[in-house]
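Numbering-wise, the sequence shown is residues 478 to 587 according to this note's numbering.
Each residue gets a CB set at the ideal place from its N, CA and C atoms; glycine is no exception.
The structure displayed is predicted, hence computed values, not measured ones.
The next block holds one structure in the form of structure tokens; read it before the comments.
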Amino acid sequence: MCAASSPASSDSSGPDDAVRAVVDAGGEPWERILGLLERRCRELPVGSVLELHSANPQVRSSLRGWCRLTGSTLLTEEGAGEQSAYRIKLPPPPVPGTPYPSPLQKPETS
């Protein structure tokens, strides 16, 4: 079962690293988690920190790829038994005047 809650905070973080939302994905498959992450990205301000909890061991590699594609930063990952927790910083806003690339588009080559 998946649950998403907001807001949350972390006692050991500075103001820029405060967790704004927690997504508890349980053992859900990556495809379901991806939808939850995309929804949260639309809801949260740019640069926010999101925490993902998952019991699915395959999420780790998929999450790293998703972070690269979206410009997000994987700040920390912790595993305790079957449960893992990931702190993700959402990407900053694009520079004004530049197009915001889709993660599905391939970069142009010259």
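| Query | Result |
| --- | --- |
| Evaluate contact between the stretch 516-525 and the stretch 551-558, counting only Cβ atoms and requiring at least three cross-stretch pairs below 8 Å. | no |
| Return the Cβ separation of A502 and L513 in integer angstroms, given the expectation that the two are a contact with Cβ distance under 8 Å. | 6 Å |
| If you follow the beta strand (DSSP E) that E515 is part of, which residue opens it and which one closes it? | No beta strand (DSSP E) contains E515, which is instead part of the alpha helix (DSSP H) from 507-520. |
| Let me check one thing: in DSSP terms, what residues is Q560 bridge-paired to? | A557 |
| Report the option in L511, L546, G504 whose CA atom is closest to the CA atom of S561. | G504 |
| Starting from S531, trace the beta strand (DSSP E) both ways and give me its first and last residue. | 526-531 |
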